[in-house]
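Enquirer: Going by our numbering, the letters in the sequence shown line up with residues 4 to 443, in that order. If you scroll down you'll find the structure; I have some questions about it.
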Amino acid sequence: MLTFDNQNIEFKQEYVPDIRKEVMGFANADGGTVYVGIRKDGVVLGVSDPDGVMLQIVNSLKDSLAPDIMPFVSVTTIELEEKTVIEIDVTTGTNRPYYLREKGLKPSGVYVRKGSSTQPMTEEGIREMILQNSGRSFEQCRSMNQELTFHTLQTEIQRRSIEIGASQMRTLKLIGEDGLYTNLALLLSDQCETTTKVALFQGKDKELFRDRKEFKGSILKQLEDVYQFIDLVNKTKATFTGLDRTDRRDYPEDAIRESLLNSMVHRDYSFSGSNLINVYEDRIEFVSLGGLVSGLELESIFLGVSQSRNPNLAAVFYRMRLIESYGTGIGKIERAYKTCPSQPEFETAKGVFRVTLPNRNEQPEMDVRVSDKADKDVSLNEQKSLILQYARGNGSVTRKEVEDLISAGTTKAFRLLKELCEDGKLEQKGSGKLSTYVAK
Numbered sequence: 004m005l006t007f008d009n010q011n012i013e014f015k016q017e018y019v020p021d022i023r024k025e026v027m028g029f030a031n032a033d034g035g036t037v038y039v040g041i042r043k044d045g046v047v048l049g050v051s052d053p054d055g056v057m058l059q060i061v062n063s064l065k066d067s068l069a070p071d072i073m074p075f076v077s078v079t080t081i082e083l084e085e086k087t088v089i090e091i092d093v094t095t096g097t098n099r100p101y102y103l104r105e106k107g108l109k110p111s112g113v114y115v116r117k118g119s120s121t122q123p124m125t126e127e128g129i130r131e132m133i134l135q136n137s138g139r140s141f142e143q144c145r146s147m148n149q150e151l152t153f154h155t156l157q158t159e160i161q162r163r164s165i166e167i168g169a170s171q172m173r174t175l176k177l178i179g180e181d182g183l184y185t186n187l188a189l190l191l192s193d194q195c196e197t198t199t200k201v202a203l204f205q206g207k208d209k210e211l212f213r214d215r216k217e218f219k220g221s222i223l224k225q226l227e228d229v230y231q232f233i234d235l236v237n238k239t240k241a242t243f244t245g246l247d248r249t250d251r252r253d254y255p256e257d258a259i260r261e262s263l264l265n266s267m268v269h270r271d272y273s274f275s276g277s278n279l280i281n282v283y284e285d286r287i288e289f290v291s292l293g294g295l296v297s298g299l300e301l302e303s304i305f306l307g308v309s310q311s312r313n314p315n316l317a318a319v320f321y322r323m324r325l326i327e328s329y330g331t332g333i334g335k336i337e338r339a340y341k342t343c344p345s346q347p348e349f350e351t352a353k354g355v356f357r358v359t360l361p362n363r364n365e366q367p368e369m370d371v372r373v374s375d376k377a378d379k380d381v382s383l384n385e386q387k388s389l390i391l392q393y394a395r396g397n398g399s400v401t402r403k404e405v406e407d408l409i410s411a412g413t414t415k416a417f418r419l420l421k422e423l424c425e426d427g428k429l430e431q432k433g434s435g436k437l438s439t440y441v442a443k
């Protein structure tokens, strides 16, 4: 009599189809051995037709499990107590998680060995295993859902006269080397799990809701639907100079478009949260998960440096002419507010990036009244003078010191430093967080 079932050993009295789950469980964990012909209590019974049973086992594993698990499985016979027993030796697979083809990458189709039993994995566990074992970004990993449709994608590419068949889907990385849909395909599919939530608030804080809506479906559909929804609440204000009428919307369409694209293209989709857009009376906030890509500083994006977290998604958007080139979005947003006293704000914190667009009609135009423009110019000149004095007195100045010096945010501090450099009054030394600015 042998030992009982444990973390690395499973006994089966006879062949049953569920043996494939035990093999999968070992391959998804630390490996192990399944013995067919031994009772749960360790009593050796043997197998009457070992060749036939071995053929059943091999065919079952080949036909029902994916990806191919056979390189990590050895099926042989051994003699125990003068009886023939089948030994299925399983090593840890390198392309985990393995799953039942008919069930797919979901808890009912993925099993893992835990202790002396084989258990279904949770969705979160499956997602983590995919990321850990692929060594790739989220968009490159296998989608847990392989039953995808692409009605929105097909409509959009036909509208743009773009061809996208099976070979193009491989080229664009919607289909991986294993022939399965990637998470990029999931994002573009009608079954996309990520949503975008838009909230309209009365006033300048979150005390009173006016409306809220959650947008679902392909991120291409969300992109269009969210833009149209914001466009409905983007009011137009008319001003008159003599007999001439000038219409101006609360928010520049280009700034909304670029902010929305930025939140879609650059967010971290390995987080399960929604894209968030908050609309107040005086501003719109676009909040996306993931923050800046590791190694990229906020100063760098103002200089046009771009490092996409989702390069394959960006490539699809580029091919669909939704984006023109990498690293141009921030500049477009800033140019849309060139004549406005209040400027867009770009903020980053751990795991979050936020773009804030001010309502242009809540503030005076720079050139509407000479006195307003003069006051603004004096204020800016005073701030620049203060920065120069500090740099000369201390040998240099940093962006953080400028923020504290003039009580400004990161965006304004960087803009003033950039203007002083362009005017030839300061010179930038270093890059990123290590940047210092020296007076000339």
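The C-beta atom is built at its ideal place from N, Cα and C for all residues, glycine as well. For clarity, every value in this text was computed on a predicted model and none was experimentally measured.
For the segment 30-71, which segments carrying the alpha helix (DSSP H) assignment without a break, of at least 4 residues, lie completely within its bounds, in sequence order?
Expert: Runs found: 53-67.
Enquirer: Whole angstroms are fine: how far does the CA of I287 sit from the CA of D247?
Expert: As a working mapping, residue 247 is identified with position 244 in the sequence shown. As a working mapping, residue 287 is identified with position 284 in the sequence shown. One C-alpha to the other measures close to 29 Å.
Enquirer: So what does DSSP say about P3, is it helix, strand or coil?
Expert: Coverage of the chain is limited to positions 4 through 443, which leaves residue 3 absent and any answer about it impossible.
Enquirer: According to DSSP, is V19 part of a helix, a strand, or is it coil?
Expert: Working through the sequence shown from its first residue, we reach residue 19 at position 16. Coil, per DSSP.
Enquirer: For the beta strand (DSSP E) containing Y114, name the first residue and the last one.
Expert: In the sequence shown, residue 114 corresponds to position 111, counting from 1. Where Y114 is concerned, the enclosing beta strand (DSSP E) stretches over Y114 to K117.
Enquirer: E131 to K216, Cα distance in whole Å?
Expert: Position 128 of the sequence shown, counting from 1, holds the residue named residue 131. Position 213 of the sequence shown, counting from 1, holds the residue named residue 216. C-alpha separation (whole angstroms): 30 Å.
Enquirer: Taking L223 as part of the alpha helix (DSSP H), name the residues at either end of that continuous run.
Expert: Position 220 of the sequence shown holds residue 223. Its alpha helix (DSSP H) spans residues I222 to V236.
Enquirer: What did DSSP end up calling D257 once you bin it into helix, strand or coil?
Expert: Taking the first residue of the sequence shown as position 1, residue 257 is located at position 254. If DSSP states are grouped into helix, strand and coil, D257 belongs with the helices.
Enquirer: Given this structure, state the Cα-to-Cα distance separating R1 from L189, to the nearest angstrom.
Expert: Nothing about residue 1 can be reported from this structure: the residues present for the chain run from 4 to 443 only.
Enquirer: Provide the residue span of the beta strand (DSSP E) that contains S120, from first to last.
Expert: Position 117 of the sequence shown, counted from the start, is the residue given in the question as residue 120. Element bounds for S120: S120 to P123.
Enquirer: On the three-state DSSP scale, how would you describe A3?
Expert: Outside the shown range of the chain (4 to 443) lies residue 3, about which nothing can therefore be said.
Enquirer: According to DSSP, L429 sits in a beta bridge with which residue or residues?
Expert: Taking the first residue of the sequence shown as 1, we reach residue 429 at position 426. Beta-bridge pairing links L429 to A442.
Enquirer: Take V373 and list the residues in its own chain whose beta-carbon comes closer than 8 Å to its own, dropping the five residues that flank it on each side.
Expert: Taking the first residue of the sequence shown as 1, we reach residue 373 at position 370. Note on V373: pLDDT 40, under 50, position unreliable in the model; no value is reported.
Enquirer: Hey, how far is the Cα of P344 from the Cα of L191?
Expert: Numbered from its first residue, the sequence shown carries residue 344 at position 341. Numbered from its first residue, the sequence shown carries residue 191 at position 188. Between P344 and L191, the C-alpha separation is close to 38 Å.
Enquirer: Taking the alpha-carbon positions, what's the M57 to R116 distance?
Expert: Position 54 of the sequence shown, counting from 1, holds the residue named residue 57. Position 113 of the sequence shown, counting from 1, holds the residue named residue 116. The straight-line gap from Cα to Cα measures roughly 22 Å.
Enquirer: If we define contact as Cβ-Cβ less than 8 Å, is R162 a contact residue for chain B?
Expert: Chain labels in this structure do not include chain B; a single protein chain is all it has.
Enquirer: For L466, which of A352, L383 and L316 has the nearest alpha-carbon?
Expert: Not covered by the structure: residue 466. The range shown for the chain is 4 to 443.
Enquirer: Any idea what DSSP makes of K454, helix, strand or coil?
Expert: Look at the range of the chain in this structure, 4 to 443, and you will see that residue 454 is not part of it.
Enquirer: Have a look at L263 and L156 and give me their C-alpha separation to the nearest angstrom.
Expert: One-based indexing of the sequence shown puts residue 263 at position 260. One-based indexing of the sequence shown puts residue 156 at position 153. About 18 Å.
Enquirer: Give the straight-line distance between the Cα atoms of M147 and S221, rounded to the nearest whole angstrom.
Expert: Locating residue 147 in the sequence shown gives position 144, counting from the first residue. Locating residue 221 in the sequence shown gives position 218, counting from the first residue. Near 16 Å, if we compare the C-alpha coordinates of S221 and M147.
Enquirer: For the beta strand (DSSP E) containing V88, list its first residue and its last residue.
Expert: Here residue 88 corresponds to residue number 85 of the sequence shown, with the count starting at 1. Residues K86 to V93.
Enquirer: Would you mind sorting L108 into buried or exposed? The rule is 16 or more other CB atoms within 10 Å of its CB.
Expert: Numbered from its first residue, the sequence shown carries residue 108 at position 105. L108 should be labelled buried.
Enquirer: Please state whether DSSP places T199 in a helix, a strand or coil.
Expert: On the sequence shown, position 196 is the one that residue 199 refers to. Strand.
Enquirer: Would DSSP call F274 helix, strand or coil?
Expert: Translated into the one-based positions of the sequence shown, residue 274 becomes position 271. Looking at F274 - three-state DSSP - the assignment turns out to be coil, as it is neither helix nor strand.
Enquirer: Using the Cα positions of T249 and I336, report the straight-line distance between them to the nearest angstrom.
Expert: Counted from its first residue, the sequence shown places residue 249 at position 246. Counted from its first residue, the sequence shown places residue 336 at position 333. C-alpha separation (whole angstroms): 21 Å.
Enquirer: Less than 8 Å between the CB atoms is what I'm expecting for G96 and I72, so what's the real figure, rounded?
Expert: Residue mapping note: residue 96 aligns to position 93 of the sequence shown, counting from 1. Residue mapping note: residue 72 aligns to position 69 of the sequence shown, counting from 1. Going by Cβ atoms, the distance from G96 to I72 rounds to 6 Å, so yes, they are a contact pair.
Enquirer: Go ahead and pull the three-state DSSP assignment for Y321.
Expert: What you label residue 321 is simply residue 318 of the sequence shown in a count that begins at 1. Y321: helix per DSSP, three-state reduction.
Enquirer: May I ask which residues mark the beginning and end of the alpha helix (DSSP H) holding L187?
Expert: Start at 1 with the first residue of the sequence shown, and residue 187 comes out as number 184. Element bounds for L187: N186 to L191.
Enquirer: Buried or exposed: F218, going by 16 or more other Cβ atoms within 10 Å of its Cβ?
Expert: Mapped onto the sequence shown, residue 218 falls at position 215. With 16 or more Cβ atoms within 10 Å of its Cβ, F218 is classed as buried.
Enquirer: Can you tell me where the beta strand (DSSP E) with S77 in it begins and where it stops?
Expert: The count along the sequence shown starts at 1 and reaches residue 77 at position 74. S77 -> beta strand (DSSP E) spans V76 to L83.
Enquirer: Do you know whose CA, among I280, S275 and R252, lies nearest S265's CA?
Expert: Along the sequence shown, one-based indexing puts residue 265 at 262. Note that residue 265 is Asn in the sequence shown, not Ser. Residue I280 is the option with its Cα nearest to N265.
Enquirer: Is the number of C-beta pairs between the segment 72-91 and the segment 46-54 that are closer than 8 Å three or more?
Expert: Result yes; three or more Cβ-Cβ pairs closer than 8 Å.
Enquirer: Which residue wins for smallest C-alpha separation from Q205, given the options P347, P70, V282 and P53?
Expert: By 1-based counting over the sequence shown, the position of residue 205 is 202. Q205 has its Cα closest to that of V282, out of P347, P70, V282 and P53.
Enquirer: Give me the residue from A32, V229 and K443 with the minimum Cα distance to Y114.
Expert: Counted from its first residue, the sequence shown places residue 114 at position 111. Checking every option, the nearest Cα to that of Y114 belongs to A32.
Enquirer: Give the DSSP-derived three-state secondary structure of K176 in the structure shown.
Expert: Your numbering for residue 176 matches position 173 in the sequence shown. It is coil, neither helix nor strand.
Enquirer: Compute the Euclidean distance between the alpha carbons of R402 and Q386, then round it to the nearest angstrom.
Expert: The residue given as residue 402 occupies position 399 in the sequence shown. The residue given as residue 386 occupies position 383 in the sequence shown. One C-alpha to the other measures close to 13 Å.
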